[in-house]
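Top line first, the protein sequences correspond to chains R and Z.
Take 130 as the starting number for the first sequence in this note's numbering and just add one per residue.
Take 130 as the starting number for the second sequence in this note's numbering and just add one per residue.
First the structure, in the form of structure tokens, and then the observations on it.
Number of protein chains: 2
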Amino acid sequence: MTEPRWLDAREAHLWQAYRDTQRELTRVLEGRLISNSGLSGADYALLHPLSSAEGGVLRTRDLGRSVGWERSRLSHQVSRMEKRGLVCREECAADARGSMVRLTELGRKAIEAAAPDHVAAVRTYFFDHLSIDEQKQLTVLLDRVLSGIPTPAFPAAECDDPAVDCT
Amino acid sequence: MTEPRWLDAREAHLWQAYRDTQRELTRVLEGRLISNSGLSGADYALLHPLSSAEGGVLRTRDLGRSVGWERSRLSHQVSRMEKRGLVCREECAADARGSMVRLTELGRKAIEAAAPDHVAAVRTYFFDHLSIDEQKQLTVLLDRVLSGIPTPAFPAAECDDPAVDCT
């Protein structure tokens, strides 16, 4: 086996900065979200695509795709939010084996109340530190890194029932 | 209240790219780590600073600082790793109220076995997509964003006992 190519000091600095930024941005944004609105980051992550969808409803598998979560994580989070009255599950009219997640009126009010402060926080802690040109550079770099990551062999949220091919 | 400044399409693209990159890099790196070495991302995160520390031992509060975790998360993860024989807790010789975490021989073997493939994966999925100049640009941008995030008012991992000032 060839000798591992360990990160040098410059590379280790970048990798640490990447991981620290990720952790600290999540901490500050989710902390502010929960204290201002009572919503967790996971609540917000699901409410956002539902509130943008036509009629406030999405197929479970499309909701899973939009947040990139494994099916079990999505299912547990939807159950928690269902108990709190933020969303409800429905059968899919077009596909008896499919399921849908619908935003309730309470869920819509919750994200509408939370969103203005959340977007202000995203600006304060992220966008306001970057010029327009830097934002464009960063988008190019992140898109390139992202495009190099293979998608899962069996996309976890692809299908509501693993026995059914619904791609 | 003034009208919220929602993200425009360009900003929303960057924010989505940032969040998708974070989630997908974590998924691919942690997936490869666990399948190749049996270590979780959280295991690796604690084993790494311990393996670099003199004598393989750190004060619990310094270990917490190095990973930026809340005390309860750190404590639970150390307990899990202690049960698997990767680390052990010790009292602090210099401070009867402080505690230390020590890498065991098994823990050192585990990270030494895992590290070569992990660093290769970090190169494959992150560094190899960026030129040296782009890596330097990205470091500047991330350092700037990071420096704008306030540290917690009461750093969670600052002190083993909240009643004791051990800064």
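For each residue, glycine too, the CB sits at the ideal point set by N, CA and C.
Here the structure is a predicted model, which is why all the values come from computation and not from measurement.
{"Item": "Simplified DSSP assignment, three categories, for LEU136 (chain Z)", "Value": "coil"}
{"Item": "Neighbourhood of GLU211 (chain Z) by C-beta distance below 7 Å, restricted to the same chain and skipping five residues each side", "Value": "CYS217 and ARG218"}
{"Item": "Inter-stretch contact at 8 Å, needing at least 3 Cβ pairs: the segment 260 to 279 of chain Z / the segment 147 to 167 of chain R", "Value": "yes"}
{"Item": "Chain Z contacts made by the segment 153 to 167 of chain R, where a contact means CB separation under 7 Å", "Value": "GLU153, LEU154 and VAL157"}
{"Item": "Beta carbon proximity, PRO342 (chain Z) to chain R, threshold 8 Å", "Value": "Nothing can be reported for residue 342 (chain Z), as the shown portion of chain Z is limited to 130 through 296."}
{"Item": "The alpha helix (DSSP H) enclosing ARG218 (chain Z), as first and last residue numbers", "Value": "Unbroken run through ARG218 (chain Z) is the beta strand (DSSP E), 216 to 221; no alpha helix (DSSP H)."}
{"Item": "Contact with chain Z by GLN206 (chain R), beta-carbon distance below 8 Å", "Value": "no"}
{"Item": "Three-state secondary structure assigned by DSSP to LEU168 (chain Z)", "Value": "coil"}
{"Item": "Nonlocal neighbours in the same chain, by C-beta distance under 8 Å from ALA214 (chain R), ignoring five residues either side", "Value": "It is Gly, not Ala, that sits at residue 214 (chain R) in the sequence shown. The answer, listed in chain order, is THR233, LEU235 and GLY236."}
{"Item": "Minimum C-alpha distance to ARG139 (chain Z) - residue among R:GLU263, R:THR280 and R:HIS205", "Value": "R:GLU263"}
{"Item": "Contact test: PHE256 (chain Z) Cβ vs the ligand MN heavy atom, cutoff 7 Å", "Value": "Here there are no bound small molecules, and the ligand MN is not part of this structure."}
{"Item": "Cut-off 6 Å between Cβ atoms - residues of its own chain near ALA171 (chain R), not counting five sequence neighbours on either side", "Value": "GLN206"}
{"Item": "Three-state secondary structure assigned by DSSP to ARG226 (chain R)", "Value": "strand"}
{"Item": "Delimiting residues of the alpha helix (DSSP H) encompassing LEU235 (chain R)", "Value": "234 to 254"}
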